[in-house]
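Undergrad:
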Amino acid sequence: MLLAFDTSSAAVTVALADPVTGEVLASSSTVDALRHGELLAPAIAAALASAGFTPRDLTKIAVGVGPGPFTGLRVGLVTARTMADVLGIELAGVCSLDILALQSPVDQPVAVATDARRKEIYWALYDSPAADGSRRRIEGPAVDRPADVAHVLSGLPITGRGITLYAEALGRGESAEVIEYPSAEVLALGVATGLLPIVAPDPLYLRRPDVTMSGGPKSVLPK
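According to the UniProt record's numbering, the sequence shown is numbered sequentially starting from 1.
Structure representation (structure tokens):
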């Protein structure tokens, strides 16, 4: 069985699928930006139980590697690495923006923009779908202020949470329906069928975390 999950955004999304066809047997998605560590393990356990499998039935794990905020992304990558190591199975990483691009229903080039916090977005540009439905990334991923890259994304449909948060800065009106978060179901399908390119299961942060190492105690003695 193929277990797929992504924690690069405010959503914790999990899917259990056939490793050859990508047919999804169980899945769930919960949006809560502050509870990745609390939600992921129970969601994985629930997906396995719902489909009648145990961790020992897993043959491969697919995980979104970001870009994404430090804490949430770390939860997903540490969980994926630990499970793959303990079970002795293959671990495949996928750029989370690639997942969103594959989710886009438009039959033309598309931009993906997600929430990077600090009033910034993670973004990438993609070509039109190929005959098999896959999309080639042609620029990015990168992190910038929306107004600074509005001209780069100009004229393209935009998918992802970024367009919901920064429509005005990106020079867009309100969109009727936007796919805001990566889907583990699409991740599973893309990995099983080869529609998504595989990368090393290393976190793609694109910038330094907010938390930094202490420089040590400061002297209280007069200079």
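Using N, Cα and C, we set each Cβ at its ideal position, and we do this for glycine too.
1) Have a look at residue 48 and residue 124 and give me their C-alpha separation to the nearest angstrom.
2) Would you mind listing the beta strand (DSSP E) stretches within the UniProt domain "Gcp-like" (34-151) that are 3+ residues and don't spill past its ends, in chain order?
3) Would you give the residue range spanned by the alpha helix (DSSP H) that residue 164 belongs to?
4) Can you give me the Cβ contacts of residue 171 inside the same chain, cut-off strictly under 6 Å, excluding the 5 residues immediately before and after it?
5) At the level of alpha carbons, what is the spacing between residue 13 and residue 155?
6) Using 10 angstroms around the beta-carbon of residue 108, count the other beta-carbons present and answer buried if the total reaches 16, otherwise exposed.
7) Compare the beta carbon distance of residue 67 and residue 205 with 8 Å and say whether it is the shorter of the two.
8) Starting from residue 31, follow the beta strand (DSSP E) in both directions and report where the run begins and ends.
9) In the DSSP assignment, find the unbroken beta strand (DSSP E) run with residue 13 in it and report its ends.
10) Under the assumption that residue 201 contacts residue 77 (Cβ atoms under 8 Å), give the Cβ distance between them as a whole number of angstroms.
11) Do the CB positions of residue 113 and residue 153 come within less than 8 Å of each other?
12) From this set, 126, 94, 141, 53, which residue's C-alpha is nearest residue 106's C-alpha?
13) Can you tell which of 37, 22, 16, 2 has the C-alpha that lies nearest to the C-alpha of residue 9?
14) Let me check understanding here. Comparing Cα to Cα, which of 162, 141, 1, 195 lies closest to residue 57?
15) Starting from the C-beta of residue 158, find all residues in its chain whose C-beta is less than 6 Å away, skip the five residues before and the five after it, and write them out in chain order.
16) With DSSP collapsed to three states, give me the class of residue 213.
17) So is residue 148 buried or exposed if we call it buried at 16+ other beta carbons inside 10 Å?
18) Can you check DSSP and say which residues form a bridge with residue 202?
19) Looking only at DSSP bridge pairs, what is residue 158 linked to?
20) Let me check understanding here. Comparing Cα to Cα, which of 128, 121, 134 lies closest to residue 140?
TA: Short version:
1) In a straight line, the C-alpha of residue 48 is about 33 Å away from that of residue 124.
2) Taking only runs of at least 3 residues, the beta strand (DSSP E) segments lying wholly in the UniProt domain "Gcp-like" (34-151) are 60-64, 90-94, 110-117, 120-126, 137-144.
3) Unbroken alpha helix (DSSP H) run through residue 164: 161-165.
4) The residues 150, in chain order, have a CB closer than 6 Å to that of residue 171 in the same chain once the five nearest residues on each side in sequence are set aside.
5) Cα atoms of residue 13 and residue 155: separation of roughly 30 Å, rounded to the nearest angstrom.
6) Its Cβ having fewer than 16 others within 10 Å, residue 108 is exposed.
7) Between residue 67 and residue 205, the C-beta spacing is below 8 Å.
8) Element bounds for residue 31: 24-31.
9) From DSSP, the beta strand (DSSP E) with residue 13 extends over 11-17.
10) Sure, about 6 Å apart at Cβ, within 8 Å.
11) For the 8 Å CB-CB criterion, residue 113 and residue 153 form a contact.
12) Cα-wise, what sits closest to residue 106 is 126.
13) Here the closest residue by C-alpha is 37.
14) Checked all of 162, 141, 1, 195; the closest Cα to residue 57 is 1.
15) Hits under 6 Å: 111, 113.
16) Unreliable placement is indicated for residue 213, whose pLDDT of 46 sits below 50; no coordinate value is reported for it.
17) Residue burial annotation: residue 148 is exposed, with fewer than 16 other C-beta atoms found within 10 angstroms of its C-beta.
18) Note: residue 202 sits in no beta bridge, so no partner.
19) Bridge partners of residue 158: 111.
20) The residue with the shortest Cα to Cα distance from residue 140 is 121.
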